[in-house]
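In UniProt numbering, the protein residues as written are 1 to 91.
The beta carbon of each residue, even a glycine, is placed where N, CA and C say it ideally should be.
What you are looking at is a predicted structure, and each value in this text was computed from that prediction instead of being measured.
To keep things clear, I will list the structure first and then write my remarks on it.
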Amino acid sequence: MSLNIKPIGDRVVVEAAQAEEKTASGIIIPDTAKEKPQRGTVVAVGEGKKDEPLTVKTGDQVLYGKYAGTEINYEGKEYLIMRESDIYAVL
Numbered sequence: 001m002s003l004n005i006k007p008i009g010d011r012v013v014v015e016a017a018q019a020e021e022k023t024a025s026g027i028i029i030p031d032t033a034k035e036k037p038q039r040g041t042v043v044a045v046g047e048g049k050k051d052e053p054l055t056v057k058t059g060d061q062v063l064y065g066k067y068a069g070t071e072i073n074y075e076g077k078e079y080l081i082m083r084e085s086d087i088y089a090v091l
């Protein structure tokens, strides 16, 4: 996947996973009740800080905070730009 966005510093660009359509028991969730996903795929990374290189890389599946990052629209897709410190775990 090629993305023409180059984040600066310790920022990363994440493509959020799709919201769940059904519950585990098979109940269909309406659009108004869907929760914002808290996992996604890293599609671009910055260079890191001077003394701290980034630990995530392109293609990593990550978990992040519910209100982390800034939502952007780029070429018809939704992305989040966030600091690496907003990422809780790599899956």
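Task: Contacting residues, own chain, Cβ-Cβ under 6 angstroms from A89 (five flanking each side not counted) - done: L63
- [ ] Name the two residues that bound the continuous beta strand (DSSP E) containing Y67.
- [x] Segment: none, Y67 is in no beta strand (DSSP E) and carries neither H nor E.
Task: Separation of K22 from G46, as counted between CA atoms - done: When rounded, the distance between both Cα atoms is 35 angstroms.
Task: G40 - partner residues in DSSP beta bridges - done: A16 and V62
Task: Three-state secondary structure (DSSP) of E84 - done: helix
- [ ] Please determine, among I87, Y79 and D86, the residue with the shortest C-alpha to C-alpha distance to A17.
- [x] Check the Cα spacing between A17 and each of I87, Y79 and D86: the tightest is with Y79.
- [ ] Assign K49 to one of three DSSP states: helix, strand, or coil.
- [x] coil
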